[in-house]
Amino acid sequence: MKARRRGAGMLLGLSSALTFSFLGASPASASSATWTLEAQGQELCVRYAAAWWAAPAPVAGSWSSEIKVGIRDLPFEESKMLAGSTIAPGVNKPDADGNIARNGMVFFTLPYEIQSGEYTAEIYATDGTRTDTDTLRIVFGEENCR
Numbered sequence: 002m003k004a005r006r007r008g009a010g011m012l013l014g015l016s017s018a019l020t021f022s023f024l025g026a027s028p029a030s031a032s033s034a035t036w037t038l039e040a041q042g043q044e045l046c047v048r049y050a051a052a053w054w055a056a057p058a059p060v061a062g063s064w065s066s067e068i069k070v071g072i073r074d075l076p077f078e079e080s081k082m083l084a085g086s087t088i089a090p091g092v093n094k095p096d097a098d099g100n101i102a103r104n105g106m107v108f109f110t111l112p113y114e115i116q117s118g119e120y121t122a123e124i125y126a127t128d129g130t131r132t133d134t135d136t137l138r139i140v141f142g143e144e145n146c147r
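According to the working numbering, the residues represented by the sequence shown are 2 to 147, in order.
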């Protein structure tokens, strides 16, 4: 009788494990998204020509793998990303005032001669599994800057 119960228990345990694995249930992963790109609402006001520009790309939360930040969809063909930070695994939490450290930056070029106006680019952060994005507003001309 004891052997039957043990066998039935083992069979029930095995079938439960197989059922959960087929249904996709799994324990919470350490690499689940617990970070966010905090670059929203930025505006770069361009009043003069320069060889390169920079914008903060801070990441908040905690993460266990490297996060790479960059910029894309720059407004002109001549524009290009020069570099973006690689943020080591770690934690970046807001301080008592709600501010977070700038642990990421992006560097890019813009043409010297640009028509006055407003343009956008996209700042991104990725850990290779998940990508988060925010918009950078680029404003040319003194009359357009806030």
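Idealized CB from N, CA, C, for every residue including glycine. Please read all numbers here as calculations on a predicted model, not as lab measurements.
G105 places its beta carbon less than 9 Å from that of P59. Within the same chain, E67 come within 7 Å of A89 by CB-CB distance, once the 5 residues on both sides are set aside. Between I124 and V140 the beta-carbon gap is near 16 Å, outside 8 Å, which marks them as no contact. The Cβ neighbour count for E78, taken over all protein chains shown within 10 Å, is under 16; the residue is labelled exposed. Ranked by Cα distance from R48, the first of Y113, L75, I101, A126 is Y113. Taking C-alpha positions only, A102 is separated from T130 by approximately 23 Å.
Excluding the 5 residues flanking it on each side, W36 has same chain C-beta neighbours closer than 6 Å at V60, G62, W64, in chain order.
If you compare the alpha carbons of D74, M82, V70, L45 with that of T110, the shortest gap goes to M82. Rounded to whole angstroms, the gap between the alpha carbons of V70 and A126 is 4 Å. E39 counts as buried, since at least 16 other C-beta atoms from the protein chains shown sit within 10 angstroms of its C-beta. Assignment of N145 by DSSP, reduced to helix, strand and coil, places it in the helix class.
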